[in-house]
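Trainee: This is the structure I have questions about; it appears just below.
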Amino acid sequence: MTREERAIAILDLMNQALAVIDDGDEAERLVCRVLGKLSKADAAALIGLDAASRPVSHAAWPNDRLSSALADVASRGTRKSESILRGGQHPILGEVILIGAELDDQPITRARGRLLVLSRRGGFTPDAKALLAESAASLTFLLPQAADACHRARQVHNAAEAAAALSLTPREVEVLRLLADGLLARTIATRLGLSPRTVHKHLSNVYTKLGVHDRLVAVSIAREHGLIAA
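Residue numbers (our numbering): 1116 to 1345.
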């Protein structure tokens, strides 16, 4: 693969990933699959940190069989490293290449952090290493965006499940969220193009379904269930 062919492959990957970036974790799976295949890796995984700052796989290729081992490599291989491309040898996985900034356990950055880890028992060819090296800069831009998209998709999915569990209709959820923003019934009515009476009816249904009589308690319950961002 020539430098020009590698550049085209990387540009194509970016275009594909950005095209599906709002489709949950599809962009992350795509990155693993495409770079795993192009580099002829045995396995690839996108590793991040969970709420307890433990390494966890967010996407893997061709399956999850080696994702735990790759996550362990990521947790050991990112310490005190400022390079976005680094590698080494693993006694079982063979040659391992890591792409991305060091995973940060600070809450504000932890959710967006991703490290791409690829392994090949027989070692990567010079051509594969060149491809991965040249993709590193693009991935440092793409991976946080994909992580944000995955987070938003999970929030939407969790909120839909919570609404269904609480028997709330989409309109009732909409009214409840505006209520959480501090809007009064009349303002909510104007915002949604409804009559104040209809908004009061929705609020009455929300209070009944949540078993409360107070807007602050209703908003608190909604936040606990993920219907409203904390």
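Even glycine gets a Cβ: it sits at the ideal position worked out from N, Cα and C.
Being a predicted model, the structure only gives us computed values, none of them experimental.
When you compare the CB positions of Leu1294 and Arg1306, do they come within less than 8 Å of one another, or not?
Mentor: No, the pair does not count as a contact, with Cβ atoms beyond the cut-off.
Trainee: Examine the Cβ distances between the stretch 1276-1284 and the stretch 1324-1342 and report whether three or more of them are shorter than 8 Å.
Mentor: Yes, since at least three Cβ pairs between the stretch 1276-1284 and the stretch 1324-1342 fall closer than 8 Å, the two stretches touch.
Trainee: Near Leu1257, which residues of its chain fall below 8 Å by C-beta distance, leaving aside the five closest residues on each side in sequence?
Mentor: Excluding sequence neighbours, Leu1257 sits near Met1129, Ala1132, Leu1133, Ala1142 and Val1146.
Trainee: Could you say which of Ile1336, Asp1187 and Ser1182 lies nearest to Ser1168 if we only look at CA atoms?
Mentor: The option with the nearest alpha carbon to Ser1168 is Asp1187.
Trainee: Rounded to whole angstroms, what is the Cα-Cα separation between Glu1289 and Leu1318?
Mentor: So the alpha carbons of these two residues sit roughly 10 Å apart.
Trainee: Report the CB separation of Leu1181 from Ala1158 in whole angstroms; it is logged as a contact under 8 Å.
Mentor: Contact holds; Cβ gap of about 4 Å.
Trainee: Output needed for Gln1260: all residues of its chain with C-beta closer than 7 Å, excluding positions within five of it in sequence on either side, in chain order.
Mentor: If we look at Gln1260 and ignore the five residues flanking it on each side, its Cβ neighbours are Ile1136.
Trainee: So for Val1211, helix, strand or coil by DSSP?
Mentor: Reduced to three states, the DSSP call for Val1211 is strand.
Trainee: Spatial neighbours of Arg1201 within its chain, please: C-beta separation below 6 Å, excluding the five flanking residues on both sides.
Mentor: Here the set comprises Leu1213.
Trainee: Which full runs of the alpha helix (DSSP H) of 4+ residues lie inside the stretch 1291-1332, going along the chain?
Mentor: Complete alpha helix (DSSP H) runs here, min 4: 1300-1307 and 1311-1325.
Trainee: So, at 6 Å on beta carbons, what are the nonlocal neighbours of His1173 in its own chain, with the 5 sequence-adjacent residues on each side left out?
Mentor: The answer, listed in chain order, is Glu1143, Leu1161 and Gly1163.
Trainee: Among Ser1250, Ile1336 and His1328, which one has its Cα closest to the Cα of Glu1119?
Mentor: Answer by Cα proximity: Ser1250.
Trainee: What does the alpha-carbon distance come out to for the pair Leu1153 and Met1116?
Mentor: Near 10 Å, if we compare the C-alpha coordinates of Met1116 and Leu1153.
Trainee: For the structure I just gave you, are there three or more beta carbon pairs, one from the stretch 1203-1217 and one from the stretch 1229-1237, closer than 8 Å?
Mentor: Result yes; three or more Cβ-Cβ pairs closer than 8 Å.
Trainee: Using the beta-carbon count (16 or more within 10 Å), is Leu1246 buried or exposed?
Mentor: So Leu1246 ends up on the buried side.
Trainee: Let's test the definition: count the other Cβ atoms within 10 Å of the Cβ of Ile1336 and tell me whether it reaches 16, buried, or not, exposed.
Mentor: It is buried - the Cβ of Ile1336 has at least 16 other Cβ atoms within 10 Å.
Trainee: Work out the CA separation of His1266 and Ala1304 for me, nearest whole Å.
Mentor: Whole-angstrom Cα-Cα distance: 30 Å.
Trainee: Just to confirm the assignment, what range does the beta strand (DSSP E) spanning Ala1174 have?
Mentor: Where Ala1174 is concerned, the enclosing beta strand (DSSP E) stretches over Pro1170 to Trp1176.
Trainee: Drop a sphere of 10 angstroms on the beta-carbon of Gly1238, count the other beta-carbons inside from all chains shown, and report buried for 16 or more, exposed for fewer.
Mentor: Gly1238 is exposed by the Cβ-count criterion.
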